[in-house]
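**Student:** Quick one: the structure is below, and I'll ask about it shortly.
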Ligand SMILES: [Zn+2]
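Numbering (UniProt numbering), first residue to last: 1 to 264.
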């Protein structure tokens, strides 16, 4: 008796949910910015476990099979910033936090434009692998045609005003602690942005004097050398591992980055 009334209601509800999900999915603006890097990131236990279980997340995973996906929020105008994760495929908290951020930004009114690259090299993230073609991807951003070099190219071509590169660092590694790395010269805003993010996310502030000295070829350094303010955010976490705490910390570093840039 009760079921007779409930059944059409349930059906209507299911239809509304389906429709709204389709609407959300359709609103996700995607570009594949690099090919040959695609992979099934959902095969990674931690990525699957800690990413929000939404149709949007499924769409993000689908896109990552095709290559390096970049998701665009805002109407393409105003202040433009880019968030990159998964430069190292064994640093999982940042990639998961970026998927969380995509879910947060989707359908939200923001100032300016945000580009989010949650998996720079999906095939590496799929198997928690650190390298790309046998090389450390964060040492070759100065070489055109590499995945990190592609990010530099996009930042230049689209007049991006801030680059946030989100990593994790294993205990005992370098820097080995939750931190924001930046340089004072030649682009001082790297330092002011990092200072804000450090306070916002309770991360240590690690400034270097000159870009390109400590980490030549790092995405952050190459951007700063070209006058594009950039920071590297690190969360202390073992390689190939993530927890809700480390994901939350990386996410708060990303929110700090967006708040500094007055995007949200
Ligand atoms: Zn890294």
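By construction, the Cβ of each residue, glycine as well, lies at the ideal position given by its N, Cα and C atoms. Keep in mind it's a predicted model, so treat the numbers as computed, not measured.
#1: Please specify which runs of the beta strand (DSSP E), each continuous and at least 3 residues long, are wholly inside the stretch 181-260, giving them in chain order.
#2: In the DSSP assignment, the alpha helix (DSSP H) including residue 114 goes from what residue to what residue?
#3: Thinking C-beta only, is residue 113 closer than 8 Å to residue 73?
#4: DSSP puts residue 58 in a beta bridge; with which residues?
#5: Flag this pair as yes or no: are the beta carbons of residue 27 and residue 139 separated by less than 8 Å?
#6: Please list, in chain order, all residues of the same chain as residue 70 whose beta carbon is under 6 Å from its beta carbon, the five residues on each side excluded.
#7: Which residue from 188, 206, 226 and 50 puts its Cα closest to that of residue 101?
#8: Considering only the alpha carbon of each residue, which of 182, 194 and 155 lies closest to residue 228?
#9: Would you grab the beta carbon distance between residue 234 and residue 168 for me? Rounded to a whole angstrom, and I think it's under 8 Å.
#10: Whole-angstrom Cβ separation of residue 160 and residue 81, contact assumed at under 8 Å?
#11: List the whole-angstrom C-beta distance separating residue 171 from residue 206, where the pair is believed to meet the contact cut-off of C-beta under 8 Å.
#12: Tell me where the beta strand (DSSP E) around residue 34 begins and ends.
#13: Just tell me which of 223, 203 and 149 has its CA closest to the CA of residue 184.
#14: Quick one: measure Cβ to Cβ for residue 40 and residue 65, integer angstroms, because I've assumed they're closer than 8 Å.
#15: Taking residue 91 as the reference, which of 236, 253, 263 and 209 has the closest Cα?
#16: Within the present structure, is the beta-carbon of residue 265 separated from the nearest heavy atom of ligand 1 by less than 7 Å?
**Tutor:** Inspection of the coordinates gives the following:
#1: 204-210 and 230-236
#2: Premise fails: residue 114 lies in the beta strand (DSSP E), 113-117, not in any alpha helix (DSSP H).
#3: yes
#4: According to DSSP, which records beta bridges pairwise, residue 58 is partnered with nothing at all.
#5: no
#6: Here the set comprises 31, 33, 115 and 117.
#7: 50
#8: 155
#9: Correct: roughly 6 Å between the Cβ atoms.
#10: 6 Å
#11: In fact, because the Cβ distance is near 16 Å, the residues do not count as touching under 8 Å.
#12: 29-34
#13: With distances taken between CA atoms, residue 184 lies nearest to 223 out of 223, 203 and 149.
#14: Under the criterion of beta carbons closer than 8 Å, residue 40 and residue 65 qualify as touching, at roughly 6 Å.
#15: 236
#16: Given that the chain is displayed from residue 1 to residue 264, the structure contains no residue 265 and the question cannot be resolved.
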